[in-house]
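A.B. asks: If you're matching positions, the sequence shown starts at 4 in the UniProt record's numbering and goes up one per residue. Have a look at this one.
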Amino acid sequence: TTKRAFNFNAGPSALPLEVLQKAQAELVDFKGTGMSVMELSHRSAEFEGVHNEAIANLRELYDIPENYEVLFLQGGASLQFSMIPMNFLKEGQKASYIQTGAWSEKAFAEAKLFGTPVEAASSKSNNYKNIPALSEIQIDEEAAYLHLTSNNTIFGTQWKTFPTTGDLPLIADMSSDILSKKIDVSNFAMIYAGAQKNLGPSGVTVVIIRKEFLEKANSNIPTMLKYATHSKNNSLYNTPPTFGIYMLGEVLKWVKAEGGLEAIEQRNEEKAKYIYDVIDNSNGFYYGHATEDSRSLMNITFRVADEELEKKFLAEAKTAGFVGLNGHRSVGGCRASTYNAVPLETCKALADFMVKFQQDNQ
Ligand code: PMP
């Protein structure tokens, strides 16, 4: 039998075993073509089938309205930090950013190169332990857009309710919780995500964008960095990351087969609960970084109260086969990333390990 790790990596991260096995079976001869997906022309009917099916399945899963485009880009979510202000900020114009962590800060910094980003709310003074309350957000109707990070991969916080912004276009970096639950796409002018957590391998960036918003973009920018270029060409302007798109397509089929977003969300809640319950019932042996109302279902950040024991915990967890539990290098501590493809049993195994470690060490 195949040995699979207890993989809690923050991204790239676990992919569904079924998807990997299907890709393996199809690797050298994709649907009788006598070649792998990687060897197909991106202009071939076979690849276009893969590409369009992935778009259709994402549309179906999220119930994406007709007036939105689904784009497959490259450059990661990080390039989106630049492309957004490059396309949508005019010189001297303001854009609002909600600061909830390191990735929000990076997005903010890029906007400074093109216009004037303004903080609409921030939880920095609280060491990014929480998502600001909706009432704290300064809505500036004059801004080009309002940007937020739906899930903060490093600090382990997640938006539970999104602001409604009326005519102010709302843009969300959903890199670390895309497809983890149902959302109302029509609330957003644009959603983007690097694929390497919930969607597939790294190399593809998914953008869901409202056509009316896209049409307002600046035109005097490089061809490859215009959303319009990719929208006009069904994301086939140049050679796309074909294998990544194929894998994304297979992950989307897997999500459908698992029962869609409602089933996925329910399982994600159950998975995270195993681990948060251990933290909450540990009498302070473990403590979480995020405030309870802002806890992420995707990245569970926690500490072992005693620093020496924390080192021992991480070392013993590693020996026991748990991978990726070290917190981000900028914050330390522990982090368990429980993305869609991390099985329930893996989360249960970590919860059991944590309970046992506490029993043995207090
Ligand atoms: N935003 C968030 C919320 C992330 O977690 C990450 C990556 N961990 C990024 C942006 C950057 O993504 P990429 O590496 O695809 O550029």
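Beta carbons: idealized from backbone N, C-alpha and C, even for Gly.
Report all residues from its chain with a CB closer than 7 Å to the CB of R62; omit the five preceding and five following residues, and keep chain order.
C.D. replies: Contacts found: V73.
A.B. asks: Does any heavy atom of the ligand PMP sit closer than 8 Å to the C-beta of Q102?
C.D. replies: Incorrect: Q102 has no Cβ contact closer than 8 Å to the ligand PMP.
A.B. asks: Check for me: the beta strand (DSSP E) holding E122 runs from which residue to which?
C.D. replies: From DSSP, the beta strand (DSSP E) with E122 extends over 119 to 125.
A.B. asks: Could you tell me if the beta carbon of I157 falls within a distance shorter than 8 Å of some heavy atom in the ligand PMP?
C.D. replies: Within the cutoff, so yes.
A.B. asks: Let me check understanding here. Comparing Cα to Cα, which of A344, K359, G118, G247 lies closest to A8?
C.D. replies: Of the candidates A344, K359, G118, G247, the one whose C-alpha sits nearest the C-alpha of A8 is A344.
A.B. asks: For chain B, find out if any of its Cβ atoms is closer than 9 Å to the Cβ of R7; answer yes or no.
C.D. replies: Among the chains in the structure shown there is no chain B, since it carries only a single protein chain.
A.B. asks: In whole angstroms, give me the CA-to-CA distance for I267 and I186.
C.D. replies: Spanning the two alpha carbons is a distance of roughly 13 Å.
A.B. asks: So, is D309 buried or exposed, given that buried needs 16 or more other C-beta atoms within 10 angstroms?
C.D. replies: So D309 counts as exposed.
A.B. asks: At 3 residues or longer, what runs of the beta strand (DSSP E) sit wholly inside the segment 155 to 193?
C.D. replies: Entirely contained in the segment 155 to 193, the beta strand (DSSP E) runs reaching 3 residues are, in chain order, 173 to 176.
A.B. asks: With burial defined as no fewer than 16 other Cβ atoms inside 10 Å of the residue's Cβ, what is the status of S128: buried or exposed?
C.D. replies: Classification for S128: exposed.
A.B. asks: Just the Cα atoms here: how many angstroms apart are S44 and G291?
C.D. replies: About 49 Å.
A.B. asks: Indicate the three-state DSSP secondary structure (helix, strand or coil) for F288 in the structure shown.
C.D. replies: Coil.
A.B. asks: Please state the DSSP three-state secondary structure of Y195.
C.D. replies: Y195: strand per DSSP, three-state reduction.
A.B. asks: With H, G and I counted as helix, E and B as strand and the rest as coil, what does DSSP make of C269?
C.D. replies: According to the sequence provided, residue 269 is Gln. The question's Cys does not apply to it. Three-state result, Q269: helix.
A.B. asks: Going by C-alpha to C-alpha distance, which of L300, S299, L317 sits closest to V307?
C.D. replies: Per the Cα distances, L317.
A.B. asks: Given 8 Å as the limit, tell me if N12 has its C-beta closer than that to any heavy atom belonging to the ligand PMP.
C.D. replies: Flag unset: Cβ of N12 not near the ligand PMP.
A.B. asks: Looking at C-beta atoms only, is the number of pairs between the segment 111 to 122 and the segment 258 to 265 that lie closer than 8 Å three or more?
C.D. replies: No, the segment 111 to 122 does not touch the segment 258 to 265.
A.B. asks: What are the boundary residues of the beta strand (DSSP E) that N302 is part of?
C.D. replies: First-last of the beta strand (DSSP E) with N302: 302 to 307.
A.B. asks: Spell out a yes or no on whether the segment 221 to 232 and the segment 78 to 90 are touching, meaning 3 or more CB-CB pairs, one atom from each, closer than 8 Å.
C.D. replies: Short answer: they touch.
A.B. asks: Considering just the uninterrupted stretch of the alpha helix (DSSP H) at F246, what are its terminal residues?
C.D. replies: Here the alpha helix (DSSP H) through F246 covers 245 to 260.
A.B. asks: May I ask which residues mark the beginning and end of the beta strand (DSSP E) holding Q102?
C.D. replies: First-last of the beta strand (DSSP E) with Q102: 97 to 102.
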